[in-house]
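**Q** Residue numbers (my numbering): 195 to 271.
#1: Could you tell me the distance, in whole angstroms, from the CA atom of residue 210 to the CA atom of residue 202?
#2: Which residue or residues does DSSP assign as beta-bridge partners of residue 215?
#3: As a quick exercise: from 195, 215, 204, pick the residue whose alpha carbon is nearest that of residue 234.
#4: Could you compute how far the alpha carbon of residue 221 sits from the alpha carbon of residue 206?
#5: Apart from the five residues on each side of it in sequence, which residues of its chain come closer than 6 Å, Cβ to Cβ, to residue 240?
#6: Can you tell me whether DSSP reads residue 250 as helix, strand or coil?
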């Protein structure tokens, strides 16, 4: 299980989330599934304390649960 920060950009604003999954590809796919119609990119540099997750693997649902720790969206002024 690995984790990565993901930047999500939509018409309403942008925010960064942390997603945990088995691979970076799955991290990105999980975020795209959760935020359809938004631009989703893995945020670099990847921070080691996030990447090497100690979280137990419980399937794709884990990636979605990680998204509960969202930051407030930044709205354009």
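Each residue gets a CB set at the ideal place from its N, CA and C atoms; glycine is no exception.
**A** Reading from the atomic positions:
#1: Within the chain shown, residue 210 is the residue found at index 16, counting from 1. Within the chain shown, residue 202 is the residue found at index 8, counting from 1. Near 6 Å, if we compare the C-alpha coordinates of residue 202 and residue 210.
#2: In the chain shown, residue 215 corresponds to position 21, counting from 1. Paired residue(s): 196.
#3: Taking the chain shown and counting its residues from 1, one reaches residue 234 at position 40. Checked all of 195, 215, 204; the closest Cα to residue 234 is 204.
#4: As a first step, residue 221 is located in the chain shown; it is residue number 27 there, counting from the start. As a first step, residue 206 is located in the chain shown; it is residue number 12 there, counting from the start. Rounded to the nearest angstrom, the two C-alpha atoms are 22 Å apart.
#5: Here residue 240 refers to the residue found at position 46 of the chain shown. 198, listed in sequence order.
#6: Counting from one through the chain shown, the residue named residue 250 turns up at place 56. Because the pLDDT at residue 250 is just 48, under 50, the model does not fix this residue reliably, and the value given afterwards should be weighed accordingly. Residue 250 falls in the coil class under three-state DSSP.
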